[in-house]
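Colleague: My questions will all concern the structure given below.
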């Protein structure tokens, strides 16, 4: 859980760090009602280690956090406007921002699957990792 909280803290790091950090911590507390995630599996998954079976509820935690932070709506659809704001905090070139937002805005499968895809896309593009 700690690694996921660190990811979201970095993802939303800005000059408004205190208010964003407060929002992340509030979302984390609300999402902690879900069964906990094994930290070792998250660390292996974050390192792209082969054959790592992440916890079944990983997607639920990712969706919960993204929904609370405004990156996904209640139906699980990615909110491109919020995503663009987040990406702009980490990438300065507008054309690169647009490419990342387009690649990471793909909805598909369940809301939990979409959350995991979004999380991995952001990581692959060095946003929030």
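Residue numbers (mature numbering (1 follows the signal peptide of the UniProt record, and there is no 0)): -19 to -1, 1 to 110. Heads up, the beta-carbon is just placed ideally off N, CA and C, and yes, glycines get one too.
When DSSP labels each residue in this structure, what does residue 55 get in the three-state scheme?
Modeller: Looking at residue 55 - three-state DSSP - the assignment turns out to be coil, as it is neither helix nor strand.
Colleague: Whose C-beta lies closer than 6 Å to the C-beta of residue 106 among residues of the same chain, with five residues either side of it excluded?
Modeller: If we look at residue 106 and ignore the five residues flanking it on each side, its Cβ neighbours are 81.
Colleague: Answer with buried or exposed for residue 5, where buried requires no fewer than 16 other C-beta atoms within 10 angstroms of its C-beta.
Modeller: When all chains shown are included, residue 5 counts as buried.
Colleague: Give me the Cα-Cα distance between residue 54 and residue 68, rounded to the nearest whole angstrom.
Modeller: Their backbone Cα atoms lie some 18 Å apart in a straight line.
Colleague: Spatial neighbours of residue 59 within its chain, please: C-beta separation below 7 Å, excluding the five flanking residues on both sides.
Modeller: Excluding residues within five positions, the ones whose Cβ falls inside 7 Å are 52, 53, 86, 88, 95, 99.
Colleague: On the three-state DSSP scale, how would you describe residue -19?
Modeller: Any reading at residue -19 needs caution, since the residue's pLDDT is 47, under 50, leaving its predicted position unreliable; the model's value is listed next. Correct three-state label for residue -19: coil.
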